[in-house]
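Chains as they are written, first to last, in my numbering: chain R, 276 to 381; chain S, 3 to 270.
No residue lacks a Cβ here, since even glycine has one placed at the ideal position from N, Cα and C.
Here the structure is a predicted model, which means the values were calculated and not measured.
The structure appears right after this line, and notes come after that.
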Amino acid sequence: MKGTIKDLLQIPGVQGYVIAQGKNIQIKLPAKHAFALAKDSLMLLYNGLADDGKRPGNTVEILLEDILLTAFLSGSTMFMVVSSLRVNQALLRMTGKLIISNMVKE
Amino acid sequence: MKQEISGDLANTRCPEIIKIISLGKRTGRLYLTNGAETGNIFFSEGEVIHAQCAALTGIKAIHEIAVWTSGEYRFFVDEPADMQTIIMGIDEVLSETTSHLRQMDKITSLIPSSAAVYALEPDIREKEIQVKSIQWKVISTIDGKNSIADIAQTIGLGVSDTMKIIYTLLRMGLLRDAAQHETHVERRSIRLPETEFVQSLKNALIQAVGPIAPFMLVDTAEELATDLLTDSTDQKAYLIETLSSKIPNEKMSLKFLDAMTDWLKAEV
């Protein structure tokens with residue numbers, strides 16, 4: 276599989292990403308980004324979405340004014356892409372699905 | 003009117019949206035549409051208090067909306083409901099809806115969509131059959147031309163409920179697929195455009211699903227109203243994504259995505 280974070284970051288409009296697993300969260304965003312320091316809120320969001328027993332899909336999109344959060348979930352792992360609204364959303368989702376699939380395999 | 007959450011139902015289905023709004027203890031109106039129909043679900047401090055979809059209200063309306071897998075949703079903050087049709091707690095609403103979706107998954111394994119058309123089966127296996135009055139009402143509208151959505155509208159039932167009845171009638175051997183024979187004949191002569199994109203797409207899809215790939219490609223392009231000769235990268239990406247979601251084997255679906263993502267990246 277060639278879907279890598281490097282590929283994702285090359286998609287125009289992608290600002291960064293968040294990886295959450297269990298109690299750990301890793302935020303990779305520019306320092307001045309609105310979400311760069313929002314660790315607690317992102318952890319809350321992860322806890323809300325990670326309950327996969329009740330969720331029919333494994334991709335969740337959340338639109339927040341001028342930011343699009345696209346969360347890919349697999350088991351207890353969440354890979355969330357932070358982007359602008361002008362991103363090619365289908366390409367973002369395709370790459371994200373490949374990345375989460377690689378992450379879970381590792 | 004402040005709009006706070008919005009998105010595509012292809013990626014987030016109704017129960018998940020309800021859960022997100024409920025977690026945030028929000029008050030307002032969730033508007034959903036699948037293109038043909040619209041529905042509204044009203045929240046008060048995270049609890050669902052009212053829902054409406056066509057002539058249906060209450061939990062039936064939520065069930066109707068919950069099966070939509072395409073379309074969009076928008077949440078309007080602080081738009082209150084003018085009535086209360088749901089008095090159960092959010093957990094009960096979600097659990098009932100999930101159980102309804104499971105039932106619908108079983109039904110959609112036999113009935114592909116509400117656009118399906120059925121005709122009466124002339125050769126009935128049983129000597130004697132018994133049907134309920136509501137089943138008879140559905141049978142009386144079946145003519146090999148009306149789709150399930152048309153029938154639901156004619157008899158004033160929800161699409162989900164109509165699908166359930168048709169599922170039972172199919173299991174009883176009273177109906178048959180009206181389009182099966184015609185589709186078979188029509189599909190023999192499919193010719194795909196010989197562009198680099200279409201050929202790459204077809205080859206990657208053949209590896210994933212075998213010889214039905216060209217039919218799947220044409221059907222999906224038609225569903226999305228996408229011209230296979232399009233120059234738009236957005237439309238190509240959407241077509242690839244939708245096709246990948248139709249590949250039943252997850253590994254093959256990812257392999258297909260992988261091959262086509264490379265192709266797209268060269269264009270972006």
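May I have the straight-line CA-CA distance separating residue i from residue j, to the nearest angstrom?
i: residue 63 of chain S; j: residue 315 of chain R; result: 35 Å
i: residue 176 of chain S; j: residue 133 of chain S; result: 10 Å
i: residue 189 of chain S; j: residue 215 of chain S; result: Since pLDDT at residue 189 of chain S reaches only 46, below the 50 mark, its modelled position is unreliable, and no value is offered.
i: residue 84 of chain S; j: residue 103 of chain S; result: 28 Å
i: residue 65 of chain S; j: residue 53 of chain S; result: 10 Å
i: residue 47 of chain S; j: residue 106 of chain S; result: 29 Å
i: residue 92 of chain S; j: residue 22 of chain S; result: 11 Å
i: residue 72 of chain S; j: residue 252 of chain S; result: 20 Å
i: residue 144 of chain S; j: residue 118 of chain S; result: 11 Å
i: residue 162 of chain S; j: residue 311 of chain R; result: 44 Å
i: residue 374 of chain R; j: residue 279 of chain R; result: 6 Å
i: residue 302 of chain R; j: residue 345 of chain R; result: 14 Å
i: residue 186 of chain S; j: residue 148 of chain S; result: Note on residue 186 of chain S: pLDDT 46, under 50, position unreliable in the model; the coordinate value appears next. Approximately 20 Å, taken between the alpha carbons.
i: residue 382 of chain R; j: residue 101 of chain S; result: Residue numbering for chain R in the displayed model covers 276 to 381; residue 382 of chain R lies beyond these limits and cannot be assessed.
i: residue 237 of chain S; j: residue 230 of chain S; result: 9 Å
i: residue 296 of chain R; j: residue 370 of chain R; result: 19 Å
i: residue 70 of chain S; j: residue 35 of chain S; result: 8 Å
i: residue 74 of chain S; j: residue 98 of chain S; result: 22 Å
i: residue 309 of chain R; j: residue 283 of chain R; result: 20 Å
i: residue 42 of chain S; j: residue 154 of chain S; result: 19 Å
i: residue 156 of chain S; j: residue 233 of chain S; result: 41 Å
i: residue 165 of chain S; j: residue 7 of chain S; result: 31 Å
i: residue 202 of chain S; j: residue 339 of chain R; result: 36 Å
i: residue 286 of chain R; j: residue 304 of chain R; result: 15 Å
i: residue 321 of chain R; j: residue 357 of chain R; result: 14 Å
i: residue 218 of chain S; j: residue 174 of chain S; result: 30 Å
i: residue 131 of chain S; j: residue 178 of chain S; result: 16 Å
i: residue 246 of chain S; j: residue 128 of chain S; result: 41 Å
i: residue 77 of chain S; j: residue 20 of chain S; result: 10 Å
Can you find a CB in chain R that lies within less than 8 Å of the CB of residue i?
i: residue 35 of chain S; result: no
i: residue 248 of chain S; result: no
i: residue 123 of chain S; result: no
i: residue 256 of chain S; result: yes
i: residue 239 of chain S; result: yes
i: residue 74 of chain S; result: no
i: residue 233 of chain S; result: no
i: residue 22 of chain S; result: yes
i: residue 243 of chain S; result: yes
i: residue 236 of chain S; result: yes
Quick one: which chain S residues come within Cβ less than 7 Å of residue i?
i: residue 356 of chain R; result: Those within 7 Å of residue 356 of chain R in chain S number zero; the least Cβ separation is about 12 Å.
i: residue 390 of chain R; result: This structure does not reach residue 390 of chain R, given that chain R is present from 276 up to 381, and the question cannot be answered.
Using a C-beta to C-beta distance shorter than 7 Å, which residues of chain R count as neighbours of residue i?
i: residue 30 of chain S; result: Result: empty, since nearest Cβ-Cβ is about 15 Å, beyond 7 Å.
i: residue 25 of chain S; result: 323
Counting only Cβ pairs nearer than 9 Å, list the residues of chain R close to residue i.
i: residue 13 of chain S; result: 332, 334, 335, 336, 345, 364, 368
i: residue 267 of chain S; result: 282, 285, 286, 366, 370
Residue i versus chain R: which residues are under 8 Å apart at the beta carbon?
i: residue 263 of chain S; result: 277, 278, 282, 366, 369, 370, 373
Contact criterion: CB-CB distance below 8 Å. Does residue i meet it with respect to chain S?
i: residue 350 of chain R; result: no
Let me check you understand the geometry: is the CB of residue i closer than 7 Å to at least one non-hydrogen atom of the ligand FMN?
i: residue 155 of chain S; result: Among the components modelled here there is no ligand, and therefore nothing to report on the ligand FMN.
> Taking contact to mean at least 3 C-beta pairs separated by less than 8 Å, is the segment 345-358 of chain R in contact with the segment 225-233 of chain S?
Replying inline: Put simply, the segment 345-358 of chain R does not touch the segment 225-233 of chain S. Fewer than three CB pairs are less than 8 Å apart.
>> Using a Cβ-Cβ cutoff of 7 Å, what residues of the segment 354-378 of chain R are near chain S? List them in chain order.
In response: Flagged, chain order: 363, 365, 366, 368, 369, 370, 372, 373, 376.
>> Check whether the segment 257-266 of chain S and the segment 199-211 of chain S touch, using three or more Cβ-Cβ pairs below 8 Å as the test.
In response: yes
> Between the segment 44-69 of chain S and chain R, which residues of the former have a C-beta closer than 7 Å to a C-beta of the latter?
Replying inline: Of all residues in the segment 44-69 of chain S, none has a Cβ within less than 7 Å of some Cβ in chain R.
>> For the segment 120-153 of chain S, list every residue whose C-beta sits within 8 Å of some C-beta in chain R, in sequence order.
In response: Those would be none; no residue qualifies.
> For the segment 361-379 of chain R against the segment 235-245 of chain S, are there 3 or more C-beta pairs whose distance is under 8 Å?
Replying inline: Under the three-pair Cβ rule at 8 Å, the segment 361-379 of chain R counts as touching the segment 235-245 of chain S.
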